[in-house]
Amino acid sequence: MNPAAPKNLIISNLLFFLMYFGSIGASANQKIAIERLLQVGDSILDLSPTRAGQFYEQALLYALKEGDSTTLANCYARVGHVNYLVGNYYEALSYHQNALEIFKSKGLDSLAAEEISRIGSIYYFSDLHDQEKALAYFEDAYKAFEKLGLDESAGLNLNYSGYVHWANGEKEIALSIHRQAYDYFVSNKDSLGMATSMSDIGFTLNSLQRFDDGLIANLNALELEKKLSEPIMMVPTLNNIGISYQGLNQLDKSLDYSLQSLRLAKERNLLLRQYEATQTLHKTYQLMNNYQKAYEVLAFHKQLSDSLNSTDQLRKILQLEIREDFKIKQLETETQYQIAELELESEKKSNKRLWIISFLISLLLVVSIIFLLKNKKKNKALASKQADLKESNTTLKSTLKHLRATQTHLVQMEKMASLGVLSAGVAHEINNAMNHIQGGVSTFQRSLEAPGTIDQEDLNIMIKQMQSGIKRASSVANELMRFNAMDNYKSLSKIDISSEIEHCILILKPKISDQINVLTEFDSNANIITTNESALHQILMSLLQNAIEAIIGPGTITISTERMTSSVRITISDTGQGIEPTVLHQIYDPFYTTKEVGKGTGLGLSLTFNLVERLAGTIKHESEPGKGTRVTVELPQ
190 MNPAAPKNLI ISNLLFFLMY FGSIGASANQ KIAIERLLQV GDSILDLSPT
240 RAGQFYEQAL LYALKEGDST TLANCYARVG HVNYLVGNYY EALSYHQNAL
290 EIFKSKGLDS LAAEEISRIG SIYYFSDLHD QEKALAYFED AYKAFEKLGL
340 DESAGLNLNY SGYVHWANGE KEIALSIHRQ AYDYFVSNKD SLGMATSMSD
390 IGFTLNSLQR FDDGLIANLN ALELEKKLSE PIMMVPTLNN IGISYQGLNQ
440 LDKSLDYSLQ SLRLAKERNL LLRQYEATQT LHKTYQLMNN YQKAYEVLAF
490 HKQLSDSLNS TDQLRKILQL EIREDFKIKQ LETETQYQIA ELELESEKKS
540 NKRLWIISFL ISLLLVVSII FLLKNKKKNK ALASKQADLK ESNTTLKSTL
590 KHLRATQTHL VQMEKMASLG VLSAGVAHEI NNAMNHIQGG VSTFQRSLEA
640 PGTIDQEDLN IMIKQMQSGI KRASSVANEL MRFNAMDNYK SLSKIDISSE
690 IEHCILILKP KISDQINVLT EFDSNANIIT TNESALHQIL MSLLQNAIEA
740 IIGPGTITIS TERMTSSVRI TISDTGQGIE PTVLHQIYDP FYTTKEVGKG
790 TGLGLSLTFN LVERLAGTIK HESEPGKGTR VTVELPQ
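In terms of the numbering used here, the sequence shown is residues 190 to 826.
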């Protein structure tokens, strides 16, 4: 047997455990990132649910990679809640169902029960209006919370099921359930639950025209709410008392309580409660034959009714407000139970890691003893490894130097490609100018050799053509000198954008086929911009050349400028082939190109992107295959 085998086996085991704990470290970093994203989302949820949802979705992406199912379920639950708040109810159901399945599989029963209750709330309180499913989920949540001993949450969901029966017209069943919920809260000495369910009992009795019993229940609810110092809960109860007295024809007392309800609702800007109080007051004033007051209250009532539609909706909004207030109390009790469950799970994982760490320390001690006994051999091996590392480092530096040289070469190729386009444009324009001049010279030569054979009018035309050619050649020469002067991107000057675009079109004219129509739409308020001329020229040349190359056959290129608040927007649109959505996000990557091999370096748009950023601007590509591409560049003015 090889004497080095035991040592090699120990070292292999050691490396395995080091890699294991390295993965634990990476996982811990992801967990920290997830926790922070969730904390940020929680802090802004009330102010901006949409923005909070972005943080939750980012946390969800990390959780999908991280692999911890409990963390993943918590992310699903939060994303589901945001979708519920913004009205995406089917998406909300899907996320909450995912969270529910994970919590069930992990045995986190209190969290699973909470998800069941939330799903029931979506079916009942949202526009889905699926009363049958809502009732089933509320009843399941009630049973689950009761089994866990979370009595307040159990009573809350029992009360919810009463709401569903009331909405279905089953008011006697709703009354029975509210009374059952009240007894449940009494047995658990839950004052808040007692007040809520007693108020629901009074409301339901009024709706059944049983005003004597309703009055007793509502007065009891008011006493409980006063002890709790809950003025918001008192507002609807005061109005319910007014309804009870109205049904008993004790109109003065009805008026007194409904006015109290309206006053408190106004103080706290509770529009729904103001609506309910004015509705009761209007009827009371009518019964008292005080039509002037009835008219005044009706006018105010109609103002409130603009945003509130039907009695059924009012009932649901009322229940939702009670639910949110009562939710605070529920969370206080549930949180302790959930924390205990999570801490227990965390403790199990910690114990497992502690055992592994202990085992690892033992291995390290064994390895240390072996290394001490064979110190000379170890030193020799280390020296050999150091030599290998030094050689590898030298090779790495050489490779890095080669890569940088290659990158510089490719960037230079891209610049030379732009210079090639410029040269082709200059040569084409100068040849055209020289043809005009050469034609005029030939005509004058014939006129000198044979006087009188050419009319004076034709000579004048030839002189104008020669002057035009000379002027054209001079313009192209000036453009060439201007391009030669663009040697860095640091200097800033005032640039006429429309002129710059026209210059670029002039240079690229030889590449524009007769089938391509170039349109310009310049905003006179966006002509002058302070920027680097060299960088702007290179950006426009690159984007225009891409637009030209994208069109096969007939097509149109439209270039427009527009003055924004503090910037100028340049838009270049073409009716070319377009870019596939699957690769659109890659077009700014260095060395990425859709052109054939040998026809592009893949640096054009990457350099353009960097130049736009250097000018403190932005660039955006929008494209649809078969229809064309639109590029928008915004630069500070």
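All residues carry an ideal CB built from backbone N, CA and C; glycine is no exception.
Please classify residue i as buried or exposed, where buried requires at least 16 neighbouring CB atoms within 10 angstroms.
| i | result |
| --- | --- |
| Leu-827 | Any question about residue 827 goes unanswered here, given that the chain covers just 190 to 826. |
| Asp-685 | exposed |
| Asp-644 | exposed |
| Met-730 | buried |
| Asp-389 | buried |
| Met-423 | buried |
| Thr-393 | buried |
| Gln-435 | buried |
| Thr-750 | buried |
| Asp-379 | buried |
| Gln-525 | Here the model assigns Gln-525 a pLDDT of 41, short of 50, so the residue's position is not dependable, and the following value carries that caveat. So Gln-525 ends up on the exposed side. |
| Asn-346 | buried |
| Pro-425 | buried |
| Arg-512 | Its pLDDT being 47, under 50, Arg-512 is placed unreliably by the model, and the measurement read from it follows with that caveat. Buried, because 16 or more other Cβ atoms sit within 10 Å of the Cβ of Arg-512. |
| Ser-232 | exposed |
Just how far apart, CA to CA, sit residue i and residue j?
| i | j | result |
| --- | --- | --- |
| His-354 | Gly-309 | 14 Å |
| Gly-817 | Leu-732 | 13 Å |
| Gly-431 | His-318 | 30 Å |
| Ala-222 | Phe-244 | 11 Å |
| Glu-456 | Lys-683 | 59 Å |
| Tyr-251 | Gln-219 | 7 Å |
| Gln-654 | Pro-825 | 42 Å |
| His-490 | Asn-429 | 17 Å |
| Leu-427 | Glu-335 | 32 Å |
| Gly-391 | Leu-226 | 44 Å |
| Lys-416 | Leu-381 | 10 Å |
| Thr-797 | Arg-758 | 16 Å |
| Ile-742 | Gly-230 | Reading off the sequence shown, one finds Gly at residue 742, where the question assumed Ile. Roughly 52 Å between the two C-alpha positions. |
| His-285 | Leu-451 | 38 Å |
| Ser-587 | Asp-577 | 15 Å |
| Asp-703 | Pro-779 | 33 Å |
| Phe-314 | Gly-276 | 11 Å |
| Lys-698 | Thr-754 | 33 Å |
| Arg-399 | Leu-408 | 14 Å |
| Lys-196 | Ser-342 | Only weak support is given to the placement of Lys-196: the predicted model assigns it a pLDDT of 46, under 50, and the value that follows is read from those uncertain coordinates. Those two C-alpha atoms are separated by around 59 Å. |
| Ile-311 | Tyr-464 | 25 Å |
| Gln-627 | Ile-694 | 26 Å |
| Asn-478 | Leu-440 | 11 Å |
| Ile-559 | Lys-569 | 15 Å |
| Ala-466 | Tyr-373 | 30 Å |
| Gly-767 | Glu-813 | 5 Å |
Rank the options by C-alpha distance to the C-alpha of residue i and give the top, closest one.
| i | options | result |
| --- | --- | --- |
| Thr-469 | Arg-457, Lys-442 and Glu-456 | Lys-442 |
| Ile-728 | Ile-690, Ile-740 and Arg-307 | Ile-690 |
| Glu-811 | Asp-778, Leu-804, Pro-779 and Thr-764 | Thr-764 |
| Ser-376 | Pro-640, Gly-338 and Ala-454 | Gly-338 |
| His-692 | Gln-704, Thr-709 and Ser-680 | Thr-709 |
| Glu-224 | Arg-240, Thr-745 and Arg-267 | Arg-267 |
| Thr-719 | Leu-681, Pro-699 and Lys-698 | Leu-681 |
| Arg-752 | Ser-713, Asn-721 and Pro-779 | Ser-713 |
| Gln-320 | Ala-302, Glu-303 and Tyr-352 | Tyr-352 |
| Phe-723 | Lys-322, Leu-804, Asp-235 and Tyr-313 | First, the amino acid is wrong: residue 723 is Ser here, not Phe. Answer by Cα proximity: Leu-804. |
| Leu-282 | Val-275, Arg-307, Glu-303 and Lys-293 | Arg-307 |
| Glu-328 | Asn-348, Glu-769 and Asp-316 | Asn-348 |
| Thr-760 | Ala-302, Asp-340 and Thr-747 | Thr-747 |
| Leu-269 | Leu-345, Leu-289 and Thr-259 | Per the sequence presented here, residue 269 reads as Gly, with Leu not at that position. Among Leu-345, Leu-289 and Thr-259, the Cα nearest to that of Gly-269 is on Leu-289. |
| Gly-242 | Gly-358, Glu-823, Asn-395 and Gln-228 | Gln-228 |
| Ser-396 | Glu-359, Asp-372 and Glu-419 | Glu-359 |
| Thr-807 | Pro-814, Glu-813 and Ser-756 | Ser-756 |
| Leu-773 | Val-820, Tyr-484 and Ala-715 | Val-820 |
My assumption, with CB atoms under 8 Å, is that residue i sits in contact with residue j. Please give the rounded CB distance.
| i | j | result |
| --- | --- | --- |
| Ile-291 | Ala-262 | 4 Å |
| Leu-444 | Leu-493 | The Cβ separation is near 19 Å, so there is no contact. |
| Met-387 | Ala-356 | Not confirmed; about 20 Å, so no contact. |
| Glu-280 | Asn-272 | 4 Å |
| Leu-404 | Ser-447 | Contact flag wrong, Cβ pair sits at about 14 Å. |
| Leu-413 | Met-383 | 6 Å |
| Ala-302 | Ala-333 | 4 Å |
Taking 7 Å as the line, does the beta carbon of residue i fall inside it for any heavy atom of the ligand NAD?
| i | result |
| --- | --- |
| Ser-756 | Of the ligands one can find in the structure shown there are none, so the ligand NAD has no counterpart to examine. |
Any beta carbon of chain B sitting closer than 8 Å to that of residue i?
| i | result |
| --- | --- |
| Arg-225 | Absent here is chain B; the protein component of the structure consists of one chain. |
Can you give, in chain order, each stretch of the alpha helix (DSSP H) that sits fully within the stretch 244-284 and has at least 4 residues? 258-274
Contained alpha helix (DSSP H) runs [length at least 4] in the stretch 408-488, N- to C-terminal order: 420-436, 440-456 and 460-476
Could I get the ranges of all uninterrupted beta strand (DSSP E) runs contained in the stretch 715-780, with 3 residues as the minimum, in chain order? 717-720, 744-752 and 756-763
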